[in-house]
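Start counting the sequence shown at 170; every next residue gets the next number (my numbering).
For each residue, glycine too, the CB sits at the ideal point set by N, CA and C.
No experiment lies behind these values; they were computed from the predicted model shown.
One structure below.
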Amino acid sequence: MELDERIYKEKVISFKKGLPGLENLHEYVLLTPDDLYPIYILQSVKEPGILLPVINPFDIDENYKAPIGKRDFEELNIAEDDDVLILNVAVIPSDIHKMTVNLAAPIVINTKTLVGKQVIPDGTSYSIREPLYQAYIKLRNGGEDSCSCCPERKVNIS
């Protein structure tokens with residue numbers, strides 16, 4: 170997948186330390202293809218073939234308590250709740266029934282400055298392999314477990 174030439178520099182999210190396992194890649198864009206909802210894609214600017222499926226954890230669990238400390242918010246200069254976007258990396262194997270999401274280590278993005286980091290907490294009750302398939306199907310089907318509709322929803326970075 171080639172990086173879309175229409176992506177403007179002001180939409181590039183910078184990760185000063187990269188992401189775990191991808192420390193040499195510091196700039197990403199967030200793609201929100203409707204046909205993948207509720208999965209979004211973090212795509213590397215330097216290596217457009219690097220695509221990380223991510224999900225908004227609040228879409229699958231409105232009571233999710235991201236294991237993020239005050240120091241993380243300070244490091245990213247996040248002052249207001251409206252200035253933060255939290256995403257979690259999903260793993261989508263060939264058998265999608267086995268897809269999982271890492272709820273233990275959220276990606277935190279300051280939506281005003283477009284600077285982010287993945288938080289690796291010392292301890293959390295969340296799993297790095299939380300089953301995702303049932304929540305994914307329910308979201309794809311507009312809250313129903315078996316219909317074929319797909320609502321249009323996007324993650325906005327302003």
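Other residues of its chain near residue i: CB distance less than 8 Å, five sequence neighbours each side excluded
i, result
"residue 196", "181, 182, 183, 184, 213, 214, 215"
"residue 189", "274, 287, 289"
"residue 301", "224, 229, 259, 268, 269, 270"
"residue 171", "With a pLDDT of 48 at residue 171, under the threshold of 50, the predicted position of this residue should be treated as unreliable, though the coordinate-derived value follows. Result list for residue 171: 217, in chain order."
"residue 219", "191, 194, 212, 213"
Residue i (DSSP reduced to helix, strand or coil)
i, result
"residue 194", "coil"
"residue 286", "strand"
"residue 306", "helix"
"residue 237", "coil"
"residue 243", "helix"
"residue 301", "coil"
"residue 157", "Any question about residue 157 goes unanswered here, given that the chain covers just 170 to 327."
First and last residue of the uninterrupted alpha helix (DSSP H) at residue i
i, result
"residue 229", "226-229"
Inter-residue CB distance, residue i and residue j (contact presumed, cutoff 8 Å)
i, j, result
"residue 209", "residue 224", "7 Å"
"residue 257", "residue 237", "Contact flag wrong, Cβ pair sits at about 12 Å."
"residue 265", "residue 226", "That belief does not hold up - the Cβ atoms of residue 265 and residue 226 are roughly 19 Å apart, past 8 Å."
Residue i - containing beta strand (DSSP E), residue span
i, result
"residue 209", "208-213"
"residue 256", "253-260"
"residue 181", "Segment: none, residue 181 is in no beta strand (DSSP E) and carries neither H nor E."
"residue 278", "276-279"
Minimum Cβ-Cβ distance from residue i to chain B less than 9 Å
i, result
"residue 233", "Of the protein chains in this structure there is only one, and it is not chain B."
Cβ neighbours of residue i in the same chain (closer than 6 Å, five flanking residues each side left out)
i, result
"residue 295", "272, 273"
"residue 297", "271, 273"
"residue 186", "none"
Own chain, CB closer than 7 Å to residue i, minus 5 neighbours either side, in chain order
i, result
"residue 252", "279, 280, 281"
"residue 150", "Nothing can be reported for residue 150, as the shown portion of the chain is limited to 170 through 327."
Answer yes if the segment 237-250 comes into contact with the segment 279-286, meaning at least three C-beta pairs across the two stretches below 8 Å, and no otherwise. Yes, the segment 279-286 is in contact with the segment 237-250.
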